[in-house]
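Below: one structure, written as structure tokens.
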DNA sequence: TTTTGAGTTGTTCGA
DNA sequence: GTCGAACAACTCAAA
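Pasting the structure below:
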């Protein structure tokens with residue numbers, strides 16, 4: 374067996390517990406050199422601004438946890454495969470371990486790196502640190518990937534079983550000398566000039582924050598998840614998505630803790646489904662999974678896109694969601710669907726534009742889930758919504774925010790409007806508008822599109838595919 | 001090979 | 001207000 378330290382390359386697995394790569398690194402007592410590489414070279418998709426904010430805090434948390442056990446997180450910047458190979462040489466490492474990624478570009482890079490390391494006489498091993506079940510282990514009877522969620526999940530469940538997450542390694546041996554590390558602050562991941570992250574204060578990135586959130590969710594919300602997840606004003610959702618995205622918590626840990634809710638587990642199932650899609654398809658952020666959509670003539674509506682992204686569409690349900698997104702880096706899932714549907718269907722704007730906006734603004738932006746869910750709403754994805762499913766922002770709002778509390782919170786100019794009109798302020802009688810101190814068209818926009826006309830235009834366009 | 005049952009999240013219209 | 005049908009057939013997965 375080769376000697377020297379083991380290089381533990383952290384990627385989207387920024388945790389110590391239930392991390393198979395880290396356990397393998399620690400297993401035989403050799404010194405461990407933990408590493409994270411910030412790769413800004415073109416190639417695998419670069420994280421968006423909100424996720425970089427998150428990464429900054431998550432790396433700080435991971436670094437502190439490692440130091441508490443006498444270890445250290447080495448930070449390097451550059452082309453990842455090159456940096457890893459160089460640091461392996463620099464430290465005399467005999468082995469490199471990491472958790473697998475599933476997008477084709479990263480898979481190709483990692484495969485090449487593994488071959489290169491082995492050619493140099495090093496051991497290189499990758500592990501499953503991010504999924505309940507890996508794509509190549511689950512196939513239909515015909516040997517193809519599942520394209521429909523329900524049979525996919527029915528087949529996946531027995532294969533997953535009841536996982537038993539592993540604890541963190543008890544100790545990590547330190548090398549004789551630590552290699553040089555960048556300073557996290559020098560990476561400039563926290564936004565400056567302006568610092569737009571003031572609304573992010575409710576988040577606690579890092580493994581401890583993820584575990585605390587999971588416990589609280591299981592104690593307070595899991596019993597009523599199926600209903601609570603549909604009420605944005607109550608926020609009975611788990612909010613675990615950004616923690617899962619960076620692997621601060623493993624899906625095995627989340628799955629094991631939530632056996633009381635099939636509904637929640639099936640949401641983890643959709644995360645798996647999207648990762649399997651990511652693995653099978655060349656580039657789900659750019660290419661329609663259903664190629665019939667390649668001929669769709671999307672509208673080039675700059676004003677519409679601008680109104681949508683800034684929460685100025687005049688549809689309170691959509692605007693509340695888009696403003697929550699801008700403020701917190703998050704949007705409740707119920708509202709995401711309506712906001713996405715509005716852009717794609719009522720405005721007939723290419724889903725990729727919306728996907729890119731979410732990619733940059735969501736703290737949970739994920740290479741599998743973000744494009745997968747956008748394609749699902751557009752109807753171009755796998756097991757996607759039928760074309761005639763056009764979310765109506767007014768009826769959705771009335772159904773899932775009957776008191777209007779969610780809208781009041783995020784669209785304060787409507788706060789004094791009675792619940793009866795809050796999802797459709799243009800229907801309020803003049804007296805009600807005056808009583809709410811609201812001058813429509815000045816304080817808050819009139820709808821930028823007539824809902825009925827927009828819907829019919831979308832149905833016609835989608836039908837013609 | 002053929003057949004069969006089923007398919008995340010909706011809206012509108014008419015009875 | 002409530003309810004069922006229509007929306008558009010199509011594809012998937014498994015028997």
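In our numbering, the protein residues as written are 374 to 838.
Glycine is no exception: its CB is placed at the ideal position from the N, C-alpha and C atoms.
_Looking at the secondary structure, which residues open and close the beta strand (DSSP E) in which residue 468 lies?_
It spans 468-472 - the beta strand (DSSP E) in which residue 468 sits, taken as one unbroken run.
*Check each candidate in 567, 621 and 497 and name the one with the smallest Cα separation from residue 389.*
In terms of CA proximity to residue 389, 621 leads the group 567, 621 and 497.
_On the DSSP letters alone, give me the boundaries of the alpha helix (DSSP H) that residue 710 sits inside._
It spans 706-714 - the alpha helix (DSSP H) in which residue 710 sits, taken as one unbroken run.
_Looking only at its chain, what residues have a beta carbon closer than 6 Å to the beta carbon of residue 637, apart from the 5 residues adjacent to it on each side?_
Only 598 and 631 meet the Cβ criterion.
*Can you give the Cα-Cα distance for residue 448 and residue 700, rounded to whole angstroms?*
Cα to Cα, residue 448 sits roughly 29 Å from residue 700.
*Could you please give the first and the last residue of the uninterrupted alpha helix (DSSP H) stretch that includes residue 382?*
Membership of residue 382 in any alpha helix (DSSP H) is not indicated; the residue belongs instead to the beta strand (DSSP E) covering 379-383.
*Work out the CA separation of residue 766 and residue 718 for me, nearest whole Å.*
Spanning the two alpha carbons is a distance of roughly 12 Å.
*residue 496 lies in the beta strand (DSSP E); which residues open and close that run?*
It spans 496-500 - the beta strand (DSSP E) in which residue 496 sits, taken as one unbroken run.
*Reduced DSSP secondary structure (H/G/I, E/B, other) of residue 586*: Note: residue 586 maps to helix in three-state DSSP.
_Taking DSSP's pairing of strands, which residues face residue 417 in a bridge?_
According to DSSP, residue 417 bridges with nothing at all.
*Along the chain, where does the beta strand (DSSP E) that runs through residue 480 open and close?*
Counting along the chain, no beta strand (DSSP E) covers residue 480; the unbroken alpha helix (DSSP H) around it starts and ends at 477-492.
*Specify the secondary structure class of residue 519 as computed by DSSP and reduced to three states.*
Coil, per DSSP.
_For residue 486, which residues in the same chain have their Cβ closer than 6 Å to its Cβ, ignoring the five residues on either side in sequence?_
454.
*residue 382 and residue 470 look like a contact to me (Cβ under 8 Å); what is the Cβ gap, rounded to whole Å?*
Contact flag correct, Cβ pair sits at about 7 Å.
*Going by DSSP, name the residue or residues bridged to residue 407.*
Within the DSSP bridge table, the entry for residue 407 names 381 as partners.
*DSSP puts residue 813 in a beta bridge; with which residues?*
Paired residues: 817.
*Nearest neighbour of residue 538, chosen from 527, 624 and 477 [CA to CA]*: The shortest Cα separation from residue 538 among 527, 624 and 477 belongs to 624.
*So what does DSSP say about residue 449, is it helix, strand or coil?*
Under the three-state reduction of DSSP output, residue 449 falls in the strand class.
*Between residue 655 and residue 549, is the Cβ-Cβ spacing less than 9 Å?*
Pairing residue 655 with residue 549 gives a Cβ-Cβ distance that is not under 9 Å.
_Closest Cα partner of residue 745 within the set 643, 562 and 545_ = Of the candidates 643, 562 and 545, the one whose C-alpha sits nearest the C-alpha of residue 745 is 643.
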